[in-house]
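Sequence lines, in order, name chains A and B. The numbering used here runs 34 ahead of the 1-based position in the first sequence. The numbering used here runs 54 ahead of the 1-based position in the second sequence. Every residue, glycine too, gets a C-beta built ideally from N, C-alpha and C. Remember, it's a predicted structure, so these values are computed and weren't measured experimentally. Step one of this worksheet: look at the structure below.
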Amino acid sequence: MTIDTVVPSPIVLTRLRALQALGVLCGFVAGAWLGGAEAPIKLAAANIPPTTVSLVMVVGVFLARWSLPALVRGTSSIRSDVQQAPHLVVWAVLAGAMWAVANTLTVYAIRDVGLSIAFPLWNANSLLGIFWGFTLFKELRQSGWARWLGVLGGAFAMFAGAALLAAASSTQAPAGRAPSGVMAALGAGLLWGTMYIPYRKAYLTGMNPLSFITFFTIGELVTMVALALSYSGVTTLWRDLVQSRPALFWLMLGGLVWVIGDLFQQYATKYVGISRGVPLSNTNQLWGLVWGIVVFGELQGASRHIYALVIGGSLVMALGAMAIAFSSATGEEHVHWQGAAERETRRYGLDPAYVHASMEGKEPGREPMHRTWIDWLFISGTTAIFVVLGMGARLPEMHINLGCAAAVSIVMLALFFACGIALWRTTRFS
Amino acid sequence: MLKEPDAKRGSLLKAVIGDIHLWIPLVALVVGLILLHGLR
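What follows is the structure, given as structure tokens:
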């Protein structure tokens with residue numbers, strides 16, 4: 035079948051450009067918040083078992099992922115999304131399970147080979163994302179050599195930058211158990227890179243990111259609880275949780291910050307595809323480094339060689355991200371995206387109007403957003419849990435520049451509001 | 055003969071199971087779980 039036979043009405047070029055710019059902005063903001071999620075986790079005690087760390091984070095993620103959509107749009111919109119494309123629940127749950135396993139693998143990877151080796155290895159997931167985007171979802175088709183060079187070259191540049199940054203930022207990397215650590219990091223990269231298949235599938239078909247993440251968390255939480263229980267047993271897990279009481283707030287806060295980053299990453303995936311959205315959100319490493327250097331005083335007294343690595347790595351990574359940002363999909367490439375969406379529409383008997391409108395960031399025929407008592411229950415319940423845990427939280431004895439922490443947090447919040455307003459104005463959070 | 059909603063559910067299930075986009079992530083998940091099991 036030629037592409038012409040499956041092409042629905044072409045999307046207006048100006049609208050396409052606006053959505054691409056919005057997707058790029060979402061990718062960069064995702065990087066800021068995903069990187070910021072490392073800060074609270076740093077405050078948690080280092081002697082907590084990896085599965086317990088991952089489980090508590092996932093609980094934070096779960097609470098945030100049920101209350102954020104309730105706050106933004108109300109949960110009633112989720113029901114209408116599921117009625118339109120019920121099959122996507124399977125992919126959302128599957129993606130959640132993959133995230134949980136990948137996240138646990140990263141804890142083992144950092145333990146065994148340190149951040150310097152682990153981070154660039156799992157960040158290679160963007161290269162896998164480009165591969166899946168091209169082969170399964172017709173991304174980068176007819177996009178011209180310049181855009182290919184921008185995306186692929188940008189992703190490789192980011193990989194190189196990530197390697198330099200990680201080498202500089204983890205001079206205290208633990209030694210030993212290298213093969214298992216490398217395998218764990220590669221496994222996390224494989225899972226995260228492949229997890230973008232469900233992401234792209236959902237957004238190509240029209241599901242709203244806020245609805246997708248709601249089901250994503252079910253797969254995530256069920257998998258993580260099963261892993262923690264099978265590895266530790268009920269008694270040991272409970273003991274670990276009780277002993278980790280002062281750290282629970284920081285781990286759950288890390289989960290909350292991560293959710294906000296992931297939400298922007300989902301919008302980036304929706305509007306610029308996985309081949310561009312994933313590498314852009316991988317700028318999280320730059321933000322992790324900002325937190326490390328200015329807030330936690332890492333690299334103090336480091337050699338000039340280390341600083342050269344940091345500056346060089348940051349520049350290379352930023353240049354790679356800019357190359358991708360300037361390689362937006364052309365009208366011709368977007369026609370191929372529509373072809374992939376048409377394939378999904380036929381396979382699952384979806385309403386073409388729903389799919390096409392969603393690709394344009396619109397939601398025709400949707401009931402006006404409203405929040406019910408269930409939404410307010412989610413929001414107030416989550417807030418109460420965080421307040422109670424926050425009251426029992428303790429800052430560990432370590433160097434923390436609170437002024438710089440506040441300044442970086444303000445920048446992150448400014449990005450959050452700027453991108454949130456842009457999303458609302460352009461798509462009404464569609 | 056299946057009632058209409060059952061038939062619709064059945065064909066949806068068939069479409070999901072026959073979709074390669076399901077099997078690639080599933081295989082990756084199984085690989086990840088085996089790896090995790092080995093690292094314990």
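Query                                                                                                                                                                                     : Result
Please determine if the stretch 272-280 of chain A and the stretch 123-139 of chain A are in contact, where contact requires at least 3 C-beta pairs separated by less than 8 Å.          : no
Grab the span of the alpha helix (DSSP H) containing I78 of chain B for me, first residue to last.                                                                                        : I74 to L93
Could you check what DSSP says for W159 of chain A in three-state terms: helix, strand or coil?                                                                                           : For the sequence presented, residue 159 of chain A should be read as Asn rather than Trp. Note: N159 of chain A maps to helix in three-state DSSP.
I'd like to know whether the C-beta of V135 of chain A is nearer than 7 Å to at least one C-beta of chain B.                                                                              : yes
Would you verify that the beta carbon of G64 of chain B is, or is not, closer than 7 Å to some beta carbon of chain C?                                                                    : Protein chains in the displayed structure are A and B, and chain C is not among them.
Thinking C-beta only, is W125 of chain A closer than 7 Å to K235 of chain A?                                                                                                              : yes
Is the CB of V84 of chain B under 7 Å away from at least one CB in chain A?                                                                                                               : no
Please classify F451 of chain A as buried or exposed, where buried requires at least 16 neighbouring CB atoms within 10 angstroms.                                                        : exposed
Do Y196 of chain A and L353 of chain A have their C-beta atoms within less than 7 Å of each other?                                                                                        : In the sequence as presented, Tyr is not what sits at residue 196 of chain A; that position holds Ala. Contact flag unset, no.
Spell out whether any CB of chain A is found under 7 Å from the CB atom of P79 of chain B.                                                                                                : yes
Ignore the nearest five residues each way along the sequence and tell me which others in R113 of chain A's own chain have a CB closer than 7 Å to its CB.                                 : none
Please name the residue in A:L161, A:W166, A:Q176 and A:A212 whose C-alpha comes closest to that of T194 of chain A.                                                                      : Sequence check: residue 194 of chain A is Ala here, not Thr. Of A:L161, A:W166, A:Q176 and A:A212, the residue nearest in Cα terms is A:L161.
Below 7 Å CB to CB, which residues in the same chain sit around F153 of chain A once its five sequence neighbours on both sides are set aside?                                            : A196, A200 and Q319
7 Å is my cut-off, CB to CB: does V40 of chain A come that close to chain B?                                                                                                              : At V40 of chain A the pLDDT is 46, less than 50, meaning the model places this residue with poor confidence; the figure from the coordinates comes in the next sentence. With 7 Å as the cut-off, V40 of chain A does not count as an interface residue toward chain B.
Please identify, using Cβ separations under 9 Å, the residues of the stretch 217-229 of chain A that lie next to chain B, in order along the chain.                                       : M217, A218, L220, G221, A222, L224, L225, G227, T228 and M229
Write down every uninterrupted run of the alpha helix (DSSP H) in the stretch 381-426 of chain A whose length is 4 residues or greater and which is fully enclosed by it, in chain order. : 386-393 and 407-425
Establish whether the CB of H75 of chain B and some CB of chain A are separated by less than 7 Å.                                                                                         : yes
In whole angstroms, what separates the C-alpha of L80 of chain B from that of L89 of chain B?                                                                                             : 14 Å
Please classify R428 of chain A as buried or exposed, where buried requires at least 16 other C-beta atoms within 10 Å of its C-beta.                                                     : exposed
Excluding the 5 residues flanking G167 of chain A on each side, which residues of the same chain have their C-beta closer than 6 Å to its C-beta?                                         : E173, G307, I308 and S309
Measuring only the C-alpha atoms, how far is L155 of chain A from T248 of chain A?                                                                                                        : 29 Å
Buried or exposed: where does E367 of chain A fall if 16 or more other Cβ atoms within 10 Å of its Cβ makes it buried?                                                                    : buried
Can you give the beta carbon distance from L457 of chain A to L56 of chain A, rounded, assuming they're within the 8 Å contact cut?                                                       : 7 Å
With a cut-off of 7 Å, does the C-beta of R377 of chain A fall near any C-beta of chain B?                                                                                                : no
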